[in-house]
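Novice: The structure under discussion is supplied below as structure tokens; questions concerning it will follow.
Protein chains: 2
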Amino acid sequence: MGALFKSHSSSVTAPQGFSAAGVFCDIKRLGTGKGSSKGNKRDLALIVSAVPATVAGMFTTNQICAAPVKLCAARMKGGTAQAIVINSGNANACTGKQGFADAVAMSESAAKQLQLPASQILVASTGRIGVTLPMANVNNGISACAKILGATPEHAAHAAEAIMTSDTRVKQVAVEFKLGGRTVRIGGICKGAGMIQPGMSATGARPAAIPQGLHATMLCFITTDAAIEPAALRAALSEAVAHSFNRITIDGDMSTNDTVLVLANGLAKNAGISMAKRQDFATFQSALSHVCLELAKLIVRDGEGVTRFVTVRVSGAQNFKEADAAARAVANSVLVKTSWFGGDPNWGRIIDALGYSNATIVEEKVDIAYSAPGSKKRIHSLKKGQPTKTPFPQLCAAVAAKEFDLHIHLNLGKAAAVMYTCDLTEEYVDFNKGDVSDPTTLGG
Amino acid sequence: MGALFKSHSSSVTAPQGFSAAGVFCDIKRLGTGKGSSKGNKRDLALIVSAVPATVAGMFTTNQICAAPVKLCAARMKGGTAQAIVINSGNANACTGKQGFADAVAMSESAAKQLQLPASQILVASTGRIGVTLPMANVNNGISACAKILGATPEHAAHAAEAIMTSDTRVKQVAVEFKLGGRTVRIGGICKGAGMIQPGMSATGARPAAIPQGLHATMLCFITTDAAIEPAALRAALSEAVAHSFNRITIDGDMSTNDTVLVLANGLAKNAGISMAKRQDFATFQSALSHVCLELAKLIVRDGEGVTRFVTVRVSGAQNFKEADAAARAVANSVLVKTSWFGGDPNWGRIIDALGYSNATIVEEKVDIAYSAPGSKKRIHSLKKGQPTKTPFPQLCAAVAAKEFDLHIHLNLGKAAAVMYTCDLTEEYVDFNKGDVSDPTTLGG
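If you read the protein sequences in the order shown, they are chains H and D. Quick note on numbering: the working numbering labels position 16 of the first sequence as 15, and the sequence is numbered without any gaps. Quick note on numbering: the working numbering labels position 396 of the second sequence as 395, and the sequence is numbered without any gaps.
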């Protein structure tokens, strides 16, 4: 898939007409009397389009959703937006009326700096739950960002850094491709690390098709200079998220703040993409899906304490709902995840998790195998419910790899589902147990 | 509740006519060439009634269920049983036709030693999944047990030890009470430690009312000298399990082997209990429920790596199904459980878990509070969705206790549910990651 697109050294500033910035304005530490964060990691980002852009968004389906999510979901109805302001260090979740007023004020502050209507500004936050934003610092950060906006790879990287919380590295991707002779680019940045099993919808309302999910906030911001009709952009994003962010889990906790936003400003001057123009739409969909999947995988690989990246591939289920239930049960089983940490190819825990999932399972039909990522060469640990004669050290070697695919065939039907997940480690527990002597270290 | 019954120094041998034994016969290590287990912990137990007893059982609803579970479920139809043979170290799960034949052979071996029909023998196993039983050792163990059966507290304790796997201590309870002037006793032993979130039913079939569960095997064997009709015994056990074993979780994984069996041999010579005799039935129900709840709590307290025992009490839900969903989401949230390990009163993670549960939640109505176990003195961290002014150190002190109650009031209705759970610790992860250089250490 990657070979289809030319990659670009920048991310959200790769498409024409987009600028970005990221600064440190001390959002996390404020009010604790403990001084500023170690290393003054950037904590406020601005992404701006030179012209109004078509917008689409997907938001957490958690019933407890943060003020910026509520504001964005409402502003999606306008169909266009021109800038996004994002802070890390504070989720602005469970902050009541003050929190919503602060989200609106954040957008107004950016609007003032950028000389745009507030209705064109989208807002996102990530960090601790239940603490109101230090608005003076937020406003200082917005003002500082507005002064230094630029389109270099460094500007994009600073924005990508500013949205990080427990992430250990910047996550960004950009691709370039041709549409009707015009060069089109899509760039994206994201953050994750913990409280990660998104289940997003376009309205935040929970459709039956989106399974119960898990939690650290994931945020993703995508820019493109493609010209595309709003309905086509919404459809493409929904499809891309369904196969990427909504298929990852780190710890099975769905956040209050999960957000994906895409701005399409049309400056590539391609003939506008609509769903009726099947080939153009398919090309755009393919590129957007690629960007979302690459970013989603980066989130899992950089999950808190993660040492192994595992792709769980369930096939042979009676229907998609059951394939999904089986894949999620395995991908979220605490016992399966700890066995991966130990490099233990423990098929007993895997079949146990299948057995208690909501998928129909017939013990005598289940196959379990491992492969290198994407490889067709499989090493079976179980065939038709019985252990194979594969030597134990060979199974251990398959699970010792930092990345591997787990193939589960239920042999009951034709439906399949995939989940991208990771191991559960002592470092994850150590990180998330926090330090009550310093409440700012406690996860939100 | 405990004050209603006189406790007894023994457990399964407290009721009249029951004898027990537990021996070491090297079930776990066989075939690894590594010699016998450290300390030669007992691994085979026998519990025998002097006369045929009325029987009731509850079994895992995992679709992947072990051979002994299948055999027991079938033998429940007879309505009576006289002995139970149990091994630890090997779950006899995912062992195919050979596994079922081994379970039958185990019962035949015990039948021969005890000179009883095999149909009167019940079987249970716990340990590693997917390895067939070392039947010569099992038979040696049964023979050894049969020779030393006795009714002393030591005999009962040896049986309780023999069923342990990663448990660190023996779990047993016995109570004595009066029925129509006759002294009646109920005794029980159990084991747990990991792969614990039972969801049992009388047939192993999954009724809609039993929620998806979790996993280390839990086994529980209860004896009583009460005279009770089969239907009344089944009803009483079902009710007792619904409020005890089916309400605990350690790691959210439901085992392939979860089993609760009760034998009632009538030697107390009380007037037979039936559901029509309301007062006698209520007294018996109360005693059986007490025994089951005490044993279930012992399992959670001795869970792998557990440092905190938490009772999650959800009230104010719209209906029981939603109260249960809310309580389970919190009790199984990896982030909530790690925060407890750190002594972090993190209400943000709790309300987040409520928000992604299948319960209806209105952020502005949620109250969250802590108390000492059973105490009415509550310390609120959240009222109507907003943090209280309770000083942070006071909240930390509430969560620093080794045992505490978490009270969640949804303020939407009148339904309530309780879950008994624990923290998630680095020791749990370390224990369950296993040691691939020694496969016998790997959990089943």
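Glycine residues also receive a C-beta, built at the ideal position from the N, C-alpha and C atoms.
Excluding the 5 residues flanking D/Gly354 on each side, which residues of the same chain have their C-beta closer than 6 Å to its C-beta?
Specialist: Here residue 354 of chain D refers to the residue found at position 355 of the second sequence. Closer than 6 Å at the Cβ level, and outside the excluded window around D/Gly354, lie Ile360.
Novice: Is there at least one Cβ from chain D nearer than 9 Å to H/Phe4's Cβ?
Specialist: In the first sequence, residue 4 of chain H corresponds to position 5, counting from 1. No, because no Cβ of chain D sits closer than 9 Å to the Cβ of H/Phe4.
Novice: Helix, strand or coil for H/Ile120, going by three-state DSSP, please let me know.
Specialist: If you number the first sequence from 1, residue 120 of chain H lands on position 121. Three-state DSSP puts H/Ile120 in a strand.
Novice: According to DSSP, D/Pro386 sits in a beta bridge with which residue or residues?
Specialist: As a first step, residue 386 of chain D is located in the second sequence; it is residue number 387 there, counting from the start. D/Pro386 pairs with D/Leu381.
Novice: Just checking: is the beta-carbon of D/Cys64 within a distance shorter than 9 Å of some beta-carbon in chain H?
Specialist: On the second sequence, position 65 is the one that residue 64 of chain D refers to. Interface residue, yes.
Novice: Provide the residue(s) that pair with H/Met199 in DSSP beta bridges, ordered along the chain.
Specialist: Taking the first residue of the first sequence as position 1, residue 199 of chain H is located at position 200. Answer is H/Thr59, bridged to H/Met199.
Novice: By how many angstroms is the C-alpha of H/Cys93 removed from the C-alpha of H/Leu43?
Specialist: Position 44 of the first sequence holds residue 43 of chain H. Position 94 of the first sequence holds residue 93 of chain H. C-alpha separation (whole angstroms): 20 Å.
Novice: Against chain H, does D/Gly315 count as a neighbour if the rule is that its beta carbon must be under 9 Å from one of theirs?
Specialist: As a first step, residue 315 of chain D is located in the second sequence; it is residue number 316 there, counting from the start. It does not; no Cβ of chain H falls within 9 Å.
Novice: Less than 8 Å between the CB atoms is what I'm expecting for H/Pro263 and H/Ile227, so what's the real figure, rounded?
Specialist: One-based indexing of the first sequence puts residue 263 of chain H at position 264. One-based indexing of the first sequence puts residue 227 of chain H at position 228. In the sequence as displayed, the identity of residue 263 of chain H is Ala instead of Pro. The pair is a contact, with the Cβ atoms about 5 Å apart (cut-off 8 Å).
Novice: Out of D/Lys320, D/Asp351, D/Val299 and D/Phe319, which one is the CA nearest neighbour of D/Thr167?
Specialist: One-based indexing of the second sequence puts residue 167 of chain D at position 168. That would be D/Val299, whose Cα lies nearest to the Cα of D/Thr167.
Novice: Using only alpha-carbon positions, find the residue among H/Phe340, H/Glu425, H/Ser332 and H/Gly342 that is nearest to H/Ile350.
Specialist: For the purposes of this step, residue 350 of chain H is identified with residue 351 of the first sequence, where counting begins at 1. Closest by alpha carbon: H/Ser332.
Novice: What's the call for D/Asn269, buried or exposed, on a 16-neighbour Cβ count within 10 Å?
Specialist: Along the second sequence, read from residue 1 onward, the residue named residue 269 of chain D stands at position 270. That one is buried.
Novice: In chain order, what residues of the same chain have a beta carbon less than 6 Å from the beta carbon of H/Ala295, not counting five sequence neighbours either side?
Specialist: Reading the first sequence from its first residue, position 296 is the one you call residue 295 of chain H. Counting only Cβ-Cβ distances below 6 Å, and skipping sequence neighbours, we find Ser243, Phe244 and Ile247.
Novice: Chain D beta carbons: is any one of them nearer than 9 Å to that of H/Thr255?
Specialist: Along the first sequence, one-based indexing puts residue 255 of chain H at 256. Yes, contact with chain D.
Novice: Compile a chain-ordered list of the residues in the region 381-399 of chain H whose CB is closer than 7 Å to at least one CB of chain D.
Specialist: Answer set for the region 381-399 of chain H: Gly384, Gln385, Pro386, Phe391 and Cys395.
Novice: How about the region 216-226 of chain H and the region 303-317 of chain H: do they share at least three Cβ pairs that are nearer than 8 Å?
Specialist: No contact exists between the region 216-226 of chain H and the region 303-317 of chain H.
Novice: Which one or two residues does DSSP pair with H/Ile406 in a beta bridge?
Specialist: For the purposes of this step, residue 406 of chain H is taken as residue 407 along the first sequence, with counting starting at 1. Position check: residue 406 of chain H holds His in this sequence, whereas Ile was assumed. Answer is H/Arg312 and H/Ala368, bridged to H/His406.
Novice: Between which two residues does the beta strand (DSSP E) holding D/Asn331 run?
Specialist: Along the second sequence, one-based indexing puts residue 331 of chain D at 332. Taken as a continuous stretch (DSSP letters only), D/Asn331 belongs to no beta strand (DSSP E), being part of the alpha helix (DSSP H) at Phe319 to Asn331.
Novice: Give the DSSP-derived three-state secondary structure of H/Gly182 in the structure shown.
Specialist: In the first sequence, counting from the first residue as 1, residue 182 of chain H sits at position 183. Strictly speaking, residue 182 of chain H in this sequence is Thr, with Gly absent from that position. Here H/Thr182 sits in strand by DSSP.
Novice: Taking only the alpha-carbon atoms, compute the straight-line gap between H/Ile185 and H/Ser10 and give it to the nearest angstrom.
Specialist: Here residue 185 of chain H refers to the residue found at position 186 of the first sequence. Here residue 10 of chain H refers to the residue found at position 11 of the first sequence. Cα to Cα, the separation comes out at about 8 Å.
Novice: Could you name the residues of chain H that D/Thr337 contacts, counting a contact when the two beta carbons are closer than 9 Å?
Specialist: As a first step, residue 337 of chain D must be located in the second sequence, where it is residue number 338. The contacting residues are Asp250, Tyr427, Val428, Asp429, Phe430, Asn431, Lys432, Gly433 and Gly442.
Novice: Three Cβ pairs or more, each shorter than 8 Å: is that satisfied between the region 365-374 of chain H and the region 76-85 of chain D?
Specialist: Verdict: no, contact absent.
Novice: Could you check what DSSP says for D/Arg41 in three-state terms: helix, strand or coil?
Specialist: Translated into positions along the second sequence, residue 41 of chain D becomes position 42. Looking at D/Arg41 - three-state DSSP - the assignment turns out to be coil, as it is neither helix nor strand.
Novice: Going by CA-CA distance only, name the one from H/Ala230, H/Ala330, H/Gly271 and H/Glu362 that's closest to H/Pro386.
Specialist: For the purposes of this step, residue 386 of chain H is identified with residue 387 of the first sequence, where counting begins at 1. Nearest C-alpha to H/Pro386: H/Glu362.
Novice: If we count Cβ pairs, one from each stretch, closer than 8 Å, do we get three or more for the region 12-30 of chain D versus the region 139-158 of chain D?
Specialist: Touching, per the Cβ criterion.
Novice: Just list the residues that DSSP pairs D/Ser48 with in beta bridges.
Specialist: Here residue 48 of chain D is taken as the residue at index 49 of the second sequence, counted from 1. Answer by DSSP bridge pairing, in chain order: D/Phe17.
Novice: Can you check whether the C-beta of H/Tyr369 is within less than 9 Å of a C-beta belonging to chain D?
Specialist: As a working note, residue 369 of chain H is residue 370 in the first sequence. Answer no: the Cβ-Cβ gap between H/Tyr369 and chain D never drops below 9 Å.
Novice: Give a yes or no on contact between the region 267-281 of chain H and the region 175-191 of chain H, applying the rule of three or more CB pairs nearer than 8 Å.
Specialist: As far as the Cβ criterion goes, the region 267-281 of chain H touches the region 175-191 of chain H, which means the pair count is three or higher.
Novice: Quick one: is H/Pro116 buried, meaning 16 or more other Cβ sit within 10 Å of its Cβ, or exposed?
Specialist: Walking along the first sequence from the start, residue 116 of chain H turns up at place 117. Looking at its Cβ environment, which holds fewer than 16 other Cβ atoms inside 10 Å, H/Pro116 is exposed.
Novice: Helix, strand or coil: which one does DSSP assign to D/Cys24?
Specialist: Position 25 of the second sequence, counted from the start, is the residue given in the question as residue 24 of chain D. Note: D/Cys24 maps to coil in three-state DSSP.
Novice: Taking one C-beta from the region 278-289 of chain D and one from the region 397-413 of chain D each time, how about it: are there three or more such pairs within less than 8 Å?
Specialist: Flag = no, the region 278-289 of chain D and the region 397-413 of chain D do not touch.
Novice: Any Cβ of chain H within less than 9 Å of the Cβ of D/Ala13?
Specialist: Along the second sequence, read from residue 1 onward, the residue named residue 13 of chain D stands at position 14. It does not; no Cβ of chain H falls within 9 Å.
Novice: Mind listing, in chain order, the continuous alpha helix (DSSP H) runs of no fewer than 4 residues lying wholly within the region 409-433 of chain D?
Specialist: Fully enclosed alpha helix (DSSP H) runs of 4 or longer: 425-431.
Novice: Please classify H/Thr420 as buried or exposed, where buried requires at least 16 neighbouring CB atoms within 10 angstroms.
Specialist: Counting from one through the first sequence, the residue named residue 420 of chain H turns up at place 421. Buried is the call here.
Novice: Taking 9 Å as the threshold (beta carbon to beta carbon), is H/Tyr419 in contact with chain D?
Specialist: Numbered from 1 along the first sequence, position 420 holds the residue referred to as residue 419 of chain H. It does not: the Cβ of H/Tyr419 has no partner Cβ on chain D nearer than 9 Å.
Novice: Look at H/Ala109 and H/Val68 and say whether their C-beta atoms are less than 9 Å apart.
Specialist: Residue numbering aside, residue 109 of chain H sits at position 110 when the first sequence is read from its first letter. Residue numbering aside, residue 68 of chain H sits at position 69 when the first sequence is read from its first letter. No. Outside cutoff.
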